[in-house]
Amino acid sequence: MNQYLDLNDLKSFNKKPQWFGLGFIQLKLDATRRLHFWDPTLAELVNEAELHDHRYDFTSTVLAGSIDHIVYEFTEDPAGDHQMCEGFCQPEKSAEPRVLKTGTVTKTERHTFNKGDSYTFKQGQFHQGVSASAVTYLERGKIMCDTARIIRPTSEAENWLCPFTTKLTEAEAWAAIDSILKKLKAANAA
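Okay, here's the thing in structure tokens:
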């Protein structure tokens, strides 16, 4: 998988990198495989990586760097301080999320995955990823539902913005990927 850590090889795939509103740039290789390029400067473009689930199961492998994977549990409680919403936030279209439930959120797991580590995550579980710098390879399974869900603090509901509101041009995305790859290569050489 070294071809996924070389900028010229990545560009030879003729795929367009895209800002993904959860703090990384995504390069879709095909319908089920993608690369994620993580860096704290990208995380600064969003308030915080939203707690979210997925429409599918997936396996993620860290190709370089490390990532913290944090798992959360939502408990329904009308007096709670968080909302579970159906997410309609996508790169090309967005609508205000529909509130499904009010409740509380508990962090249940936190794991640090390093180069060569893989983890599998099931559809319907809530999580977030945080990374100093990393490249991850994700392979998703079959889509099992129409929309993903997010969890957000009730206090921030009025100020919520779709994370895809921030845009990066293709040139900016490639420049960020180049910077991430150089940073990881330098850290590996040290």
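If you read the sequence shown in this note's numbering, its first letter stands for residue 1228, the second for the next number, and so on. Here a beta-carbon is modelled for each residue, glycine too, at the ideal position from N, C-alpha and C.
A distance below 7 Å between beta-carbons, with the five flanking residues on each side excluded, links residue 1345 to the following residues of its chain, in chain order: 1286, 1287, 1288. Take the alpha-carbon of residue 1327 and the one of residue 1405: they are about 40 Å apart. Following the DSSP letters along the chain, one finds residue 1382 in no alpha helix (DSSP H), marked with neither H nor E. Taking C-alpha positions only, residue 1339 is separated from residue 1414 by approximately 17 Å. Per the DSSP secondary-structure output, residue 1296 pairs in a beta bridge with 1338, 1356. Inclusion of residue 1294 and residue 1361 in the CB contact set at 8 Å is warranted, their separation being smaller than that value. The three-state secondary structure of residue 1366, taken from DSSP, is strand. Residue 1267 and residue 1403 have their alpha carbons spaced roughly 11 Å apart. With distances taken between CA atoms, residue 1242 lies nearest to 1231 out of 1250, 1231, 1248.
In the DSSP secondary-structure assignment, residue 1328 is bridged to 1311. If you compare the alpha carbons of 1284, 1237, 1252, 1384 with that of residue 1399, the shortest gap goes to 1252. Excluding sequence positions up to five before and after residue 1261, its CB lies within less than 7 Å of the CB of 1253, 1254, 1255, 1365, all in the same chain and listed in chain order. Counting other Cβ atoms within 10 Å of its Cβ, residue 1363 reaches 16 or more and is therefore classed as buried. Residue 1233 is not a Cβ neighbour of residue 1375, given a cutoff of 8 Å.
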